[in-house]
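J.:
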Amino acid sequence: MAETEVLKVAANSNPVAVAGALAAIIRDKGIAELQAIGAGAVNQAVKAIAIARGYVAPSGIDLVCVPAFSDVEIEGEERTAIKFLVKARD
Numbered sequence: 018m019a020e021t022e023v024l025k026v027a028a029n030s031n032p033v034a035v036a037g038a039l040a041a042i043i044r045d046k047g048i049a050e051l052q053a054i055g056a057g058a059v060n061q062a063v064k065a066i067a068i069a070r071g072y073v074a075p076s077g078i079d080l081v082c083v084p085a086f087s088d089v090e091i092e093g094e095e096r097t098a099i100k101f102l103v104k105a106r107d
């Protein structure tokens with residue numbers, strides 16, 4: 018099974034650009050993961066998922082999103098991230 022592509026989203030990420038990348042990965046692999054740390058990053062990630070849904074809907078793909086907590090290490094420090102597993106509805 019192929020590794021799930023992880024898109025890291027920051028508070029200053031452009032949600033339209035993230036949505037385009039997300040839609041491309043979904044079309045190619047059928048599944049992707051967004052990772053966000055902090056309220057601003059989570060906000061941008063959720064907006065990107067909503068925008069990406071509109072991008073892939075005309076081709077008959079309905080996206081679903083499963084949020085979860087994830088522990089990540091950044092510069093030697095443990096942080097809690099929100100990860101969004103995004104995939105086409107079965």
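Residue numbers (this note's numbering): 18 to 107. Cβ atoms here follow ideal geometry from the backbone N, Cα and C, with glycine treated the same way.
#1: Answer with buried or exposed for Phe86, where buried requires no fewer than 16 other C-beta atoms within 10 angstroms of its C-beta.
#2: Just the Cα atoms here: how many angstroms apart are Gly37 and Glu94?
#3: Is the Cβ-Cβ distance between Val103 and Ile43 less than 8 Å?
#4: Does DSSP put Arg70 in a helix, a strand or coil?
#5: Per DSSP, what are the beta-bridge partners of Val96 in this structure?
#6: Which residues in the same chain have their Cβ closer than 7 Å to the Cβ of Ile99, if we skip the five residues on either side of it in sequence?
#7: Counting along the chain, where does the beta strand (DSSP E) carrying Ile48 start and finish?
T.: In terms of the structure at hand:
#1: Position 69 of the sequence shown holds residue 86. Exposed, because fewer than 16 other Cβ atoms sit within 10 Å of the Cβ of Phe86.
#2: Walking along the sequence shown from the start, residue 37 turns up at place 20. Walking along the sequence shown from the start, residue 94 turns up at place 77. Taking the straight line joining both Cα atoms gives about 31 Å.
#3: Taking the sequence shown and counting its residues from 1, the one referred to as residue 103 is at position 86. Taking the sequence shown and counting its residues from 1, the one referred to as residue 43 is at position 26. Taking 8 Å as the Cβ cut-off, Val103 and Ile43 qualify as a contacting pair.
#4: Locating residue 70 in the sequence shown gives position 53, counting from the first residue. Arg70 falls in the helix class under three-state DSSP.
#5: Counting from 1 along the sequence shown, the entry for residue 96 is found at position 79. According to the sequence as given, residue 96 is Arg; it is not Val. According to DSSP, Arg96 bridges with Val89.
#6: Residue mapping note: residue 99 aligns to position 82 of the sequence shown, counting from 1. The answer, listed in chain order, is Ala53, Val59, Pro84, Phe86.
#7: Counting from 1 along the sequence shown, the entry for residue 48 is found at position 31. 48-53 is the extent of the beta strand (DSSP E) around Ile48.
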